[in-house]
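Here is the structure we will look at, set down as structure tokens.
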DNA sequence: TCGTAAATCTAATGTGCGTTCGAAACATGT
DNA sequence: ACATGTTTCGAACGCACATTAGATTTACGA
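Residue numbers (the numbering used here), protein chains in the order written: chain Z, 714 to 924; chain B, 714 to 924.
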């Protein structure tokens, strides 16, 4: 071992990268160890020197993916000046989440895409981690609401779900060259804070206010 | 053949129902024909009397699922009085989409959950249908924007994607007894039209307007 | 240069699944 | 009751995959 536990770690990293990429593209069950091994430059059997099973491998991919968004959003909050507005807090959180998701991170998008497909046992392993990330958002939104930055008559749990859905779904349609990540984040925040509606001129008999 | 081509059609329907349910739960590759057959009350081999292959079966499930949302949203528009506000048009579309998704429709939720996992060839078969549904929403939103009901400075394509994401993601977290579908739709529309932000009292030095 | 441990290869094993096909069971009109 | 078409069964085939274990190579300190 020379500098910092090389070789085994390098291979391990290559395998994980290959796995994340392949899992994201093809889904859990459709991804074969042969494929992952080839992408990592080795034979399928060799994977077992580094991982005990396919499930162990996928668990680590899921783990890393979730850790990355979590850390990104957490750091986005810490980087912010202490006197930042709550809108800014939410805005940078949205940007951090989206950026991690869409910018060279197969791990994060793999997590989102395959989580619903993995065996129950593997899923159970990650519920704690998922909950922790949800809790982070819960805190951000709750503080904003308590401070009066968000309407007090909305169900924040619901808002969070809808928000996460809008953001996470982007892995299904986002294409690098088309719309910038920043633009997506801007639109999301606009919808979240102000909506995109305009009071309509009364057309005939009906008029209505928003729920 | 007695009344209206019974027996074969009944079995066919039972198989499709079982397939939709199982595909939705376990995903594409993880679902076995043995499982589907058992749920339909027959042997795996018998499925081949009704369908040529696993892919043919899944294609039909995807087809039905997409057709159901499409028709539901289309009918929601036709049912509406001609002089309805554009907000109401969008609102009922959201409600129709969500209701079809979450209320006893394994086909629709299966479509959403497994579309990303099916073999490329099967996917190609449905792009046309997906585009047609997207086009329906595009029309609804464009008319609303042109009439002045929606801000003119937003990218409607982006809005549509974020909206669909928020709605579709609900299949991952929705649980029948908890929040009513209507409440979800209300929150979505509130966010879409007005947002949930409140102008913040200026805290220190910073103040900001929305993008 | 040698020896030892780490890392990878190679070939084999077993299993589960999609699919096939002829035989059996069922239904229906005559 | 018979004959014909419809529907399901049941066993078998072949293949692709996860996993295993021993042989082989590679890396590196002495």
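Virtual Cβ for every residue (Gly too), placed ideally from N, Cα, C.
Predicted model, so just to flag it, every value in this text is computed and none were measured.
Through-space distance from residue j to residue i, alpha-carbon basis
i, j, result
"residue 890/Z", "residue 807/B", "29 Å"
"residue 841/Z", "residue 869/B", "37 Å"
"residue 834/B", "residue 792/Z", "46 Å"
"residue 752/B", "residue 731/B", "6 Å"
"residue 736/Z", "residue 861/Z", "42 Å"
"residue 743/B", "residue 743/Z", "8 Å"
"residue 921/B", "residue 873/Z", "Since pLDDT at residue 921/B reaches only 47, below the 50 mark, its modelled position is unreliable, and the value read off the structure follows with that caveat. If you take the alpha carbons of residue 921/B and residue 873/Z, they lie about 23 Å apart."
"residue 900/B", "residue 878/B", "14 Å"
"residue 714/B", "residue 722/B", "The predicted position of residue 714/B is uncertain, since its pLDDT is 43 and thus under 50; a value taken from the coordinates is nonetheless stated next. When rounded, the distance between both Cα atoms is 11 Å."
"residue 897/B", "residue 769/B", "35 Å"
"residue 923/B", "residue 903/Z", "With a pLDDT of only 46 at residue 923/B, under the threshold of 50, the placement of this residue in the model should not be trusted, and no figure is reported."
"residue 856/B", "residue 789/B", "16 Å"
"residue 763/B", "residue 750/B", "12 Å"
"residue 838/Z", "residue 866/B", "44 Å"
"residue 802/B", "residue 740/Z", "37 Å"
"residue 804/Z", "residue 895/B", "28 Å"
"residue 818/B", "residue 767/B", "21 Å"
"residue 785/Z", "residue 778/Z", "11 Å"
"residue 836/Z", "residue 912/Z", "45 Å"
"residue 783/Z", "residue 759/B", "48 Å"
"residue 799/Z", "residue 875/Z", "19 Å"
"residue 843/B", "residue 845/Z", "35 Å"
"residue 745/Z", "residue 761/Z", "14 Å"
"residue 863/Z", "residue 871/Z", "14 Å"
"residue 908/B", "residue 858/Z", "13 Å"
"residue 738/Z", "residue 809/B", "31 Å"
"residue 733/Z", "residue 720/B", "46 Å"
"residue 830/Z", "residue 832/B", "16 Å"
"residue 892/Z", "residue 892/B", "34 Å"
"residue 826/Z", "residue 797/B", "39 Å"
"residue 847/B", "residue 847/Z", "30 Å"
"residue 828/Z", "residue 828/B", "15 Å"
For residue j and residue i, believed in contact at Cβ under 8 Å, the rounded distance
i, j, result
"residue 906/B", "residue 910/Z", "3 Å"
"residue 725/B", "residue 754/B", "Residue 725/B to residue 754/B, Cβ: 13 Å. No contact."
"residue 812/Z", "residue 781/Z", "Wrong, their Cβ atoms sit about 11 Å apart, outside the cutoff."
"residue 771/B", "residue 757/B", "With a Cβ gap of about 15 Å, residue 771/B and residue 757/B do not count as contacting."
"residue 729/Z", "residue 773/Z", "6 Å"
"residue 815/B", "residue 887/B", "5 Å"
Near the ligand MN: residue i beta-carbon under 7 Å from a heavy atom
i, result
"residue 779/Z", "With respect to small molecules bound, the structure shown includes none, and the ligand MN cannot be examined in it."
Kindly confirm or deny that the region 881 to 888 of chain B and the region 847 to 855 of chain Z touch, where touching means at least three C-beta pairs closer than 8 Å.
no
Alpha helix (DSSP H) segments (min. 4 residues) lying fully within the region 844 to 909 of chain Z:
869 to 881, 883 to 886, 894 to 906
Under 7 Å, CB to CB, which of the residues in the region 832 to 864 of chain Z have a partner in chain B?
861, 862, 863, 864
At a Cβ cut of 8 Å, what residues of the region 878 to 906 of chain Z count as close to chain B, listed as they run along the chain?
878, 879, 880, 881, 882, 883, 885, 886, 892, 896, 897, 899, 900, 901, 902, 903, 904, 905, 906
Contact residues within the region 741 to 762 of chain Z, judged by C-beta distance below 8 Å to chain B:
741, 742, 743
Considering only residues of the region 773 to 832 of chain B, which uninterrupted alpha helix (DSSP H) runs meet the minimum length of 4 residues and lie entirely inside it, listed in chain order?
799 to 815, 819 to 827
Taking 8 Å as the threshold, find out whether the region 791 to 805 of chain B comes into contact with the region 815 to 823 of chain B through three or more Cβ pairs.
no
Along the region 814 to 833 of chain Z, where does the CB come closer than 7 Å to a CB of chain B? Name the residues.
826, 829, 830
Along the region 795 to 815 of chain B, what residues have a CB closer than 8 Å to any CB found in chain Z?
796, 797, 798, 799, 800, 801
In the region 725 to 774 of chain B, which residue ranges form an unbroken alpha helix (DSSP H) of at least 4 residues, counting only runs that do not cross its ends?
746 to 753, 760 to 763
Report the residues of the region 766 to 780 of chain B with a CB closer than 7 Å to any CB of chain Z, ordered along the chain.
none
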